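Undergrad: Residue numbers (UniProt numbering): 1 to 429. Just dropping this structure here.
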Amino acid sequence: MGIQNVLEYIINKNTGIIHHVKNEIEFKLPFPMHMYFTFRNELVDVNEGVKIRGNYSGLGYSYDSADSALISAVGETLERYCSCYLDRETLIKNSFNSLVEKNIPVLDPLSITQRLNEPYEGTNLTNKEIDRDTVFNWVQANDEIHKRNIAVPANTIYFDVDEEVLLPHIRDSISTGLATGSTRLQAVENAALECIERDAIVITWLNQLSVPLIDQQTIPDESVQYYLKIANEKGFEVFFFDITTDIKIPTYLVLVRNLYNNYPYIQVGAKAHYDPLTALKGALMETLASLNLLANPNQDIAEIVDIKNTTNIKSIKDHMLYYASGNDKDAFDFLISSSTKPFNNHSEINDFEELKDKLKDMGLNLYSYDLTTEDISSLGLHVYRVLMPELAFLEITIPMLRCNRLVDAPKNMGYTPAKAFNKNPHPFP
1 MGIQNVLEYI INKNTGIIHH VKNEIEFKLP FPMHMYFTFR NELVDVNEGV KIRGNYSGLG
61 YSYDSADSAL ISAVGETLER YCSCYLDRET LIKNSFNSLV EKNIPVLDPL SITQRLNEPY
121 EGTNLTNKEI DRDTVFNWVQ ANDEIHKRNI AVPANTIYFD VDEEVLLPHI RDSISTGLAT
181 GSTRLQAVEN AALECIERDA IVITWLNQLS VPLIDQQTIP DESVQYYLKI ANEKGFEVFF
241 FDITTDIKIP TYLVLVRNLY NNYPYIQVGA KAHYDPLTAL KGALMETLAS LNLLANPNQD
301 IAEIVDIKNT TNIKSIKDHM LYYASGNDKD AFDFLISSST KPFNNHSEIN DFEELKDKLK
361 DMGLNLYSYD LTTEDISSLG LHVYRVLMPE LAFLEITIPM LRCNRLVDAP KNMGYTPAKA
421 FNKNPHPFP
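See below:
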């Protein structure tokens, strides 16, 4: 089915998954780009007779292609739709130890990055104690590296389904590792790259690593230089940081600071990709797209004021608003004071097979789960969740400090791990 027919099927206020699409902005964007918003219909699972949760909208953006922006927005809505549709027949309710006794390959829940059990400093929040006898709902995922099926906790796969299915929680339920693709490989690959991006973000932030600051003049791309010129004209300062970890997938973080010292003060973005320039440009576009949204003169300022205190951070979006509001501006000094280096367009890993070989050598795992619903499959599309249990994980509230990579990765990269982790909330949307 052609892309136009697919879009016509998906976007229909009466019968489609997406009710409507919006690409008209009521105000002038500080950074010109194509931006699309998609809005999901209320949907019902006809087999269960219940409403499918999660009426999440989608956002897509592109420097030079309206079609790419629209497809990205649609893809984001579809991945959330599929991850909110629960097939109860696939669930296995049991404990890790019981599944092991039945000789069923199963992921040890204690190997998954999660909160520490003791209260986090300054709070009374703790992780619910789990062990290998804790009963979970499990699903059969695909072990991409060792070529086998393996049971993984359903609460690491589904995004927003009935709470009883997700209990007991191991960690926050967010969209990290969800992706839509025109092929299975594309979906799994993009989902894995997002997990690697988030791993790099958390390792860099919590350890306050002095990662290389990229010399802007060495970035060989007209669109990047175009946006740097606009940023300078509008009073924004742009920083590019190489946060690539020992996994060796090029990963970049972009920080934009408002030199006029007003709202929005600071915004960040990041991206991982085999191609370094694609990663850098993706991080820049994510940052600028967020700034465009924050520049909306019609937004509710009360919402911003509410995020003046870290205890009011209740969502990933709140992390973005916290720093956009001018809080803890010196939290980024450890990055901005880094030494500069030229942009390097070389990558050690160039495809998914090479990535899997690297992960295998490092003792890291990559599991995929097919979330594609029947209607989406009929369109030739694929939606997958990737779980990489040992990687650092981007939290909503309390950092996930039960993670060996927070110490091991900096050592492998030649850094000295932090004696105490960064207490500032991460800034990533």
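The beta carbon of each residue, even a glycine, is placed where N, CA and C say it ideally should be. Please read all numbers here as calculations on a predicted model, not as lab measurements.
I'd like the span of the beta strand (DSSP E) that includes MET35, first residue to last.
TA: As a position in the sequence shown, residue 35 is number 35, starting the count at 1. Where MET35 is concerned, the enclosing beta strand (DSSP E) stretches over 34 to 40.
Undergrad: Tell whether a beta-carbon distance below 9 Å holds between LEU387 and CYS195.
TA: Sequence index remark: in the sequence shown, residue 387 carries index 387 (1-based). Sequence index remark: in the sequence shown, residue 195 carries index 195 (1-based). Their beta carbons are under 9 Å apart, which means LEU387 touches CYS195 by this criterion.
Undergrad: With VAL188 as the anchor, note down where its alpha helix (DSSP H) starts and where it stops.
TA: For the purposes of this step, residue 188 is identified with residue 188 of the sequence shown, where counting begins at 1. Looking at the DSSP string, the run of the alpha helix (DSSP H) that includes VAL188 is 184 to 207.
Undergrad: Whole angstroms is fine: what's the gap from ASN55's alpha carbon to LYS341's?
TA: Counting from one through the sequence shown, the residue named residue 55 turns up at place 55. Counting from one through the sequence shown, the residue named residue 341 turns up at place 341. ASN55 and LYS341: Cα-Cα distance of roughly 44 Å.
Undergrad: Could you spell out where the beta strand (DSSP E) holding ALA151 opens and where it closes?
TA: For this step, residue 151 is matched to residue 151 along the sequence shown. Looking at the DSSP string, the run of the beta strand (DSSP E) that includes ALA151 is 148 to 153.
Undergrad: Quick one, are the C-beta atoms of LEU7 and LEU70 less than 9 Å apart?
TA: In the sequence shown, residue 7 corresponds to position 7, counting from 1. In the sequence shown, residue 70 corresponds to position 70, counting from 1. Yes; because the gap between Cβ atoms is below 9 Å, this pair is in contact.
Undergrad: Is it buried or exposed for ARG88, if we count other Cβ within 10 angstroms and need 16 for buried?
TA: Locating residue 88 in the sequence shown gives position 88, counting from the first residue. Under this definition ARG88 is an exposed residue.
Undergrad: Only counting the same chain, and skipping five residues up and downstream in sequence, which positions put a Cβ closer than 8 Å to that of GLY177?
TA: Residue mapping note: residue 177 aligns to position 177 of the sequence shown, counting from 1. Only ALA191, ALA192, GLU194, CYS195, ARG385, VAL386, LEU387 and MET388 meet the Cβ criterion.
Undergrad: Report all residues from its chain with a CB closer than 7 Å to the CB of ASP221; omit the five preceding and five following residues, and keep chain order.
TA: Working through the sequence shown from its first residue, we reach residue 221 at position 221. The residues are LEU277 and LYS281.
Undergrad: If contacts are defined as beta-carbon pairs under 8 Å, then SER339 and PRO212 qualify, I think. What distance do you get, rounded to the angstrom?
TA: What you label residue 339 is simply residue 339 of the sequence shown in a count that begins at 1. What you label residue 212 is simply residue 212 of the sequence shown in a count that begins at 1. Confirmed, Cβ separation roughly 7 Å.
Undergrad: Apply the 10 Å Cβ neighbour rule to PHE136 and answer buried if 16 or more other Cβ atoms are within range, or exposed otherwise.
TA: Reading the sequence shown from its first residue, position 136 is the one you call residue 136. Classification for PHE136: buried.
Undergrad: In three-state DSSP terms, what is GLY58?
TA: Taking the first residue of the sequence shown as position 1, residue 58 is located at position 58. If DSSP states are grouped into helix, strand and coil, GLY58 belongs with the strands.
Undergrad: What residue does the alpha helix (DSSP H) around VAL254 start on, and which one ends it?
TA: What you label residue 254 is simply residue 254 of the sequence shown in a count that begins at 1. Element bounds for VAL254: not the alpha helix (DSSP H) but the beta strand (DSSP E), 251 to 258.
Undergrad: Short check: CB of PRO109 to CB of ILE18, under 9 Å?
TA: As a working note, residue 109 is residue 109 in the sequence shown. As a working note, residue 18 is residue 18 in the sequence shown. No, Cβ-Cβ distance for PRO109 and ILE18 is not below 9 Å.
Undergrad: Can you give me the start and stop residues for the alpha helix (DSSP H) that ARG405 sits inside?
TA: Start at 1 with the first residue of the sequence shown, and residue 405 comes out as number 405. ARG405 -> alpha helix (DSSP H) spans 405 to 412.
Undergrad: State buried or exposed for GLY363, treating a residue as buried only when at least 16 other CB atoms are found within 10 Å of its CB.
TA: Within the sequence shown, residue 363 is the residue found at index 363, counting from 1. Counting Cβ neighbours within 10 Å, GLY363 comes out exposed, since fewer than 16 surround it.
Undergrad: Could you tell me which residues DSSP puts in a beta bridge with GLN225?
TA: As a working note, residue 225 is residue 225 in the sequence shown. None; GLN225 has no bridge partner.
Undergrad: Using CA atoms only, rank isn't needed, just tell me which of SER57, SER62, SER95 and GLU101 is closest to ARG80.
TA: As a position in the sequence shown, residue 80 is number 80, starting the count at 1. Here the closest residue by C-alpha is SER57.
Undergrad: Apply the 10 Å Cβ neighbour rule to GLY181 and answer buried if 16 or more other Cβ atoms are within range, or exposed otherwise.
TA: The residue you call residue 181 lines up with position 181 of the sequence shown. With 16 or more Cβ atoms within 10 Å of its Cβ, GLY181 is classed as buried.
Undergrad: Quick one: give me the first and last residue of the alpha helix (DSSP H) that PHE96 is part of.
TA: Mapped onto the sequence shown, residue 96 falls at position 96. From DSSP, the alpha helix (DSSP H) with PHE96 extends over 96 to 101.
Undergrad: Can you look up LYS93 in the DSSP assignment and give me helix, strand or coil?
TA: Numbered from 1 along the sequence shown, position 93 holds the residue referred to as residue 93. Correct three-state label for LYS93: strand.
Undergrad: Where GLU76 and PHE393 are concerned, what is the direct C-alpha to C-alpha distance, given to the nearest angstrom?
TA: Here residue 76 is taken as the residue at index 76 of the sequence shown, counted from 1. Here residue 393 is taken as the residue at index 393 of the sequence shown, counted from 1. The alpha-carbon atoms of GLU76 and PHE393 are separated by roughly 20 Å.
Undergrad: What is the DSSP secondary structure of VAL6, counted as helix, strand or coil?
TA: Position 6 of the sequence shown, counted from the start, is the residue given in the question as residue 6. VAL6: helix per DSSP, three-state reduction.
Undergrad: Between the alpha carbons of TYR227 and ILE243, how many angstroms are there, rounded?
TA: Counting from 1 along the sequence shown, the entry for residue 227 is found at position 227. Counting from 1 along the sequence shown, the entry for residue 243 is found at position 243. Distance between the alpha carbons of TYR227 and ILE243: 21 Å.
Undergrad: Please list, in chain order, all residues of the same chain as THR310 whose beta carbon is under 6 Å from its beta carbon, the five residues on each side excluded.
TA: Your numbering for residue 310 matches position 310 in the sequence shown. Correct list, in chain order: PRO425.
Undergrad: My assumption, with CB atoms under 8 Å, is that THR251 sits in contact with ALA272. Please give the rounded CB distance.
TA: On the sequence shown, residue 251 is found 251 positions in, with the first residue counted as 1. On the sequence shown, residue 272 is found 272 positions in, with the first residue counted as 1. About 4 Å; that satisfies the 8 Å criterion.
Undergrad: Let me make sure I understand the geometry here. Which of THR134, HIS20, ASN47 and PRO30 has the alpha-carbon closest to that of SER39?
TA: What you label residue 39 is simply residue 39 of the sequence shown in a count that begins at 1. Position check: residue 39 holds Phe in this sequence, whereas Ser was assumed. Checking every option, the nearest Cα to that of PHE39 belongs to HIS20.
Undergrad: With 16 as the cutoff for other CB atoms within 10 Å, does residue 430 come out buried or exposed?
TA: As displayed, the chain neither begins before 1 nor continues past 429, which places residue 430 out of reach and without an answer.
Undergrad: Between the Cα of TRP205 and those of GLY235, THR245 and ASP160, spot the shortest distance and give me the residue it belongs to.
TA: Taking the sequence shown and counting its residues from 1, the one referred to as residue 205 is at position 205. Nearest of GLY235, THR245 and ASP160 to TRP205, Cα basis: THR245.
Undergrad: Quick check for students: name the residue ranges of the beta strand (DSSP E) that lie wholly in the region 297 to 355, counting only runs of 3 or more.
TA: DSSP runs (the beta strand (DSSP E)) wholly in the region 297 to 355: none.
Undergrad: What's the call for ILE130, buried or exposed, on a 16-neighbour Cβ count within 10 Å?
TA: As a first step, residue 130 is located in the sequence shown; it is residue number 130 there, counting from the start. Its Cβ being crowded by 16 or more others within 10 Å, ILE130 is buried.
Undergrad: Determine the DSSP secondary structure at ALA73, reduced to helix, strand or coil.
TA: For the purposes of this step, residue 73 is taken as residue 73 along the sequence shown, with counting starting at 1. Helix.
Undergrad: For the alpha helix (DSSP H) that ALA283 lies in, which residues bound it at each end?
TA: Mapped onto the sequence shown, residue 283 falls at position 283. 276 to 294 is the span of the alpha helix (DSSP H), which, as asked, contains ALA283.
Undergrad: Ignoring anything shorter than 4 residues or poking outside the region 7 to 31, list the alpha helix (DSSP H) runs there in chain order.
TA: Taking only runs of at least 4 residues, no alpha helix (DSSP H) segment lies wholly in the region 7 to 31.
Undergrad: How would you call GLY49, buried or exposed, if buried means at least 16 neighbouring beta carbons within 10 angstroms?
TA: Here residue 49 refers to the residue found at position 49 of the sequence shown. Exposed, by the Cβ-count rule.
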